[in-house]
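Asker: Handing you a structure now.
Numbering (our numbering), first residue to last: 2 to 239.
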């Protein structure tokens with residue numbers, strides 16, 4: 002799913018350049034199908050393969066409108082699908098299709114720049130979430146784990162009589178702790194993994210608008226958070 006999304010994003014990034022080249026070919030006197038086929042250049046991969054398939058369908062007798070719609074459905078991009086519907090509408094209305102395609106490509110490029118500005122604006126939120134989950138939470142967990150281990154060691158060293166005498170003069174009751182350090186470690190590791198997974202989904206939603214886009218942060222989050230936990234725990238434990 003992530004690979005498919007990356008492929009679609011790359012096609013959306015290249016589609017305005019394809020439209021600009023198609024508009025230039027149309028102004029040079031080519032037909033719509035020829036301008037489309039000649040726009041399938043290797044530097045537009047993987048979009049060039051879809052354009053070649055569409056050109057073959059048009060050459061074998063399929064209507065250019067239905068061929069373009071089939072290409073949009075294969076790509077799976079709403080942005081490209083809406084752009085193709087606009088081009089088909091221009092073909093049917095008989096207007097200046099070269100100007101329409103060129104202006105559509107410019108509008109797609111402007112929309113891309115706007116999305117980049119929005120992404121850069123929310124970058125601080127992503128950095129904050131990443132730092133809090135990868136460094137802050139494991140640091141506090143390591144402190145808690147060390148505290149539990151110290152309490153277990155202290156209470157084991159106290160005799161029952163000492164505990165009773167101390168408890169008589171203190172408002173707190175000192176008793177044996179049934180939680181083991183191994184349980185604390187298992188609990189912390191499980192909690193860190195779950196938190197990293199949820200944080201990666203949140204970062205994807207904030208940055209790209211879809212949760213699965215943040216799964217690319219999952220591996221770095223897990224690696225850094227576990228490294229911070231065990232490193233701080235080792236330093237404090239010594």
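The C-beta atom is built at its ideal place from N, Cα and C for all residues, glycine as well. Remember, it's a predicted structure, so these values are computed and weren't measured experimentally.
#1: DSSP three-state call for residue 209: helix, strand or coil?
#2: Beta carbon of residue 78, beta carbon of residue 9: below 8 Å?
#3: Could you round the C-beta distance between residue 130 and residue 203 to whole angstroms and report it? I think they count as a contact, below 8 Å.
#4: Would you kindly work out how many angstroms separate the C-alpha atoms of residue 34 and residue 14, rounded to a whole number?
#5: Since residue 200 and residue 6 should fall inside the 8 Å C-beta cutoff, what is the C-beta to C-beta distance between them, to a whole number of angstroms?
#6: Taking DSSP as the reference, what is the three-state secondary structure of residue 28?
#7: With residue 37 and residue 102 assumed to form a contact (beta carbons below 8 Å), what rounded beta-carbon distance in angstroms separates them?
#8: Just how far apart, CA to CA, sit residue 54 and residue 26?
#9: Counting pairs of Cβ atoms below 8 Å between the stretch 215–233 and the stretch 132–146, do you hit three or more?
#10: Is the CB-CB distance between residue 41 and residue 56 below 8 Å?
#11: Thinking C-beta only, is residue 24 closer than 8 Å to residue 99?
#12: Assign residue 85 to one of two classes, buried (16 or more other C-beta atoms within 10 Å of its C-beta) or exposed (fewer than that).
#13: Sort 126, 190, 97 and 18 by Cα distance to residue 140 and report the nearest one.
#14: My output table needs one value for residue 9: the three-state DSSP class, helix, strand or coil.
#15: Relative to the alpha-carbon of residue 48, which residue among 67, 75 and 63 has its alpha-carbon at the smallest distance?
#16: Would you check if the distance between the CB atom of residue 64 and the CB atom of residue 45 is smaller than 8 Å?
#17: Buried or exposed for residue 208, going by 16 or more other Cβ atoms inside 10 Å?
#18: Between 233, 197 and 142, which lies nearest to residue 188 when the distance is taken from Cα to Cα?
#19: Taking the alpha-carbon positions, what's the residue 106 to residue 196 distance?
#20: Buried or exposed, going by whether 16 or more other CB atoms sit within 10 Å of the CB of residue 83?
#21: Can you tell me the Cβ-Cβ gap for residue 147 and residue 210, rounded? I've got them flagged as a contact below 8 Å.
#22: Looking only at C-alpha atoms, which of 16, 227 and 205 sits nearest to residue 110?
Answerer: Walking through what the data contain:
#1: If you number the chain shown from 1, residue 209 lands on position 208. Residue 209 falls in the coil class under three-state DSSP.
#2: For the purposes of this step, residue 78 is taken as the residue at position 77 of the chain shown. For the purposes of this step, residue 9 is taken as the residue at position 8 of the chain shown. Yes, these two residues count as a Cβ contact at 8 Å.
#3: In the chain shown, counting from the first residue as 1, residue 130 sits at position 129. In the chain shown, counting from the first residue as 1, residue 203 sits at position 202. Right, their Cβ atoms sit about 6 Å apart.
#4: As a working mapping, residue 34 is identified with position 33 in the chain shown. As a working mapping, residue 14 is identified with position 13 in the chain shown. Just so you know, the alpha carbons of residue 34 and residue 14 end up roughly 22 Å apart.
#5: Counting from 1 along the chain shown, the entry for residue 200 is found at position 199. Counting from 1 along the chain shown, the entry for residue 6 is found at position 5. Under the criterion of beta carbons closer than 8 Å, residue 200 and residue 6 do not qualify as touching, at roughly 19 Å.
#6: Translated into positions along the chain shown, residue 28 becomes position 27. The answer is helix: DSSP assigns residue 28 an H, G or I state.
#7: Taking the first residue of the chain shown as 1, we reach residue 37 at position 36. Taking the first residue of the chain shown as 1, we reach residue 102 at position 101. Contact flag wrong, Cβ pair sits at about 10 Å.
#8: Residue 54 sits at position 53 when you count from the first residue of the chain shown. Residue 26 sits at position 25 when you count from the first residue of the chain shown. Taking the straight line from one Cα to the other gives about 19 Å.
#9: Yes, the stretch 215–233 touches the stretch 132–146.
#10: Counting from one through the chain shown, the residue named residue 41 turns up at place 40. Counting from one through the chain shown, the residue named residue 56 turns up at place 55. In this structure, the beta-carbon distance from residue 41 to residue 56 falls below 8 Å.
#11: Here residue 99 corresponds to residue number 98 of the chain shown, with the count starting at 1. Here residue 24 corresponds to residue number 23 of the chain shown, with the count starting at 1. Cβ atoms of residue 99 and residue 24: closer than 8 Å.
#12: Working through the chain shown from its first residue, we reach residue 85 at position 84. Answer is buried; the Cβ neighbour count reaches 16.
#13: Translated into positions along the chain shown, residue 140 becomes position 139. Residue 140 has its Cα closest to that of 190, out of 126, 190, 97 and 18.
#14: Within the chain shown, the letter at position 8 stands for residue 9. Judged by DSSP in its simplified three-state form, residue 9 adopts helix.
#15: Here residue 48 corresponds to residue number 47 of the chain shown, with the count starting at 1. Closest in alpha carbon position to residue 48, among 67, 75 and 63, is 75.
#16: As a first step, residue 64 must be located in the chain shown, where it is residue number 63. As a first step, residue 45 must be located in the chain shown, where it is residue number 44. Result no, Cβ atoms of residue 64 and residue 45 do not sit closer than 8 Å.
#17: What you label residue 208 is simply residue 207 of the chain shown in a count that begins at 1. It is buried - the Cβ of residue 208 has at least 16 other Cβ atoms within 10 Å.
#18: Position 187 of the chain shown, counted from the start, is the residue given in the question as residue 188. Closest by alpha carbon: 142.
#19: Sequence index remark: in the chain shown, residue 106 carries index 105 (1-based). Sequence index remark: in the chain shown, residue 196 carries index 195 (1-based). The C-alpha of residue 106 lies about 41 Å from the C-alpha of residue 196.
#20: For this step, residue 83 is matched to residue 82 along the chain shown. Residue 83 comes out exposed.
#21: On the chain shown, position 146 is the one that residue 147 refers to. On the chain shown, position 209 is the one that residue 210 refers to. About 40 Å separates the beta carbon of residue 147 from that of residue 210, a gap too long to meet the 8 Å contact definition.
#22: Here residue 110 is taken as the residue at index 109 of the chain shown, counted from 1. When each option's Cα is compared against that of residue 110, the closest is 16.
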